[in-house]
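Novice: Counting in the working numbering, the sequence shown runs from 857 upward without gaps. What follows is a single structure, and I will ask about it in a moment.
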Amino acid sequence: MSSVSLMAKVESPREPSADAKAPSGTKQRILRAALELFAERGYAATSTAAIAKGAGVAEKTIFANFTTKERLFEQILTPAALELLMPDAIGGVRETLAMNWASTSGLLDAFMHSRLKFVQEHPSKLKLIAHAVMVHPELAELFVRVFQEQIEPRMAEVTAELERVGELRRIPRASLVRIVMSMTAGYMLARFVFRPHSEWDDEAEMATMVDVLVNGLKPR
């Protein structure tokens, strides 16, 4: 059974315990190993023995902390567990925004390449995140919160400077973020989740997206 079909079966996870909301030590290692293996292999093909090996714990420790394999799977569909992916997911964005940009096209190109690099290195994580949010839309709030806290302040500084030097016209910041994120996320989902076996030219596609974002669709 694939992770997609299994997720469809988990209709309403039980409310996570206090420990699940703030996993520590052993639980974090188990959750991280489970995230990796469930995303890579799917639920049915992932054994608790494999998870225990990945977490560096005894198999009985998994049952002591989560009772059953199904309960463990439910727990990785919680904000506390998915937040373990955040360092990998947003690290490249922080690095990109830490630089000084003289052009909007340069910033957008670097941003899209950082997202492509992350997904190329972790395609299974993108699939797991996409499936989890589809099953439990409320989990999207986690990503919104992390973005607002860790990315948005620096992005505001960068875009304000691009406006100042005439590289970016004044539009509502929230609209700008939604446009860029929607186009980038849409491409990554199509590329790695919905049509992974199609022929893709990432460089050409991203160059076109940057051009459309910067110059629009009107013939020149």
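Note that CB positions come from ideal geometry on N, CA and C, so glycine has one too. A quick note: this is a predicted structure, and the numbers were derived from the prediction, not measured.
Please report the distance separating the alpha-carbon of LYS877 from that of GLY910.
Specialist: Position 21 of the sequence shown, counted from the first residue, corresponds to residue 877. Position 54 of the sequence shown, counted from the first residue, corresponds to residue 910. Residue confidence for LYS877 is low, a pLDDT of 40 falling below 50, so the modelled location carries little weight; the figure read from the coordinates is stated next. Answer to the nearest angstrom: the Cα atoms are 22 Å apart.
Novice: Using DSSP with H/G/I as helix, E/B as strand and the rest coil, what is TYR1043?
Specialist: Working through the sequence shown from its first residue, we reach residue 1043 at position 187. DSSP places TYR1043 in helix when its eight states are reduced to three.
Novice: Using the Cβ count rule (16 or more neighbours within 10 Å means buried), how would you classify PHE1050?
Specialist: Working through the sequence shown from its first residue, we reach residue 1050 at position 194. Answer is exposed; the Cβ neighbour count stays below 16.
Novice: Quick check on ALA890: does DSSP put it in helix, strand or coil?
Specialist: As a working note, residue 890 is residue 34 in the sequence shown. In the structure shown, ALA890 sits in a helix (DSSP, three-state: H, G or I).
Novice: Just the Cα atoms here: how many angstroms apart are ALA908 and GLY947?
Specialist: Taking the sequence shown and counting its residues from 1, one reaches residue 908 at position 52. Taking the sequence shown and counting its residues from 1, one reaches residue 947 at position 91. Here the C-alpha atom of ALA908 lies approximately 27 Å from the C-alpha atom of GLY947.
Novice: Tell me the DSSP secondary structure of GLU1008 in three-state form.
Specialist: Position 152 of the sequence shown, counted from the start, is the residue given in the question as residue 1008. Helix at GLU1008.
Novice: Is LEU928 closer than 8 Å to ARG888 when the C-beta atoms are compared?
Specialist: As a position in the sequence shown, residue 888 is number 32, starting the count at 1. As a position in the sequence shown, residue 928 is number 72, starting the count at 1. Result no, Cβ atoms of ARG888 and LEU928 do not sit closer than 8 Å.
Novice: Would you decide whether LEU1073 is buried or exposed? Buried here means 16 or more other CB atoms lie within 10 Å of its CB.
Specialist: Here residue 1073 refers to the residue found at position 217 when the sequence shown is read from its first residue. Exposed is the call here.
Novice: Mind listing, in chain order, the continuous alpha helix (DSSP H) runs of no fewer than 4 residues lying wholly within the segment 976-1030?
Specialist: 979-991, 996-1006 and 1008-1020
Novice: Would you call SER1031 buried or exposed, if buried means 16 or more other Cβ atoms sit within 10 Å of its Cβ?
Specialist: Here residue 1031 refers to the residue found at position 175 of the sequence shown. Taking all protein chains shown into account, SER1031 has fewer than 16 neighbouring C-beta atoms within 10 Å of its C-beta and is therefore exposed.
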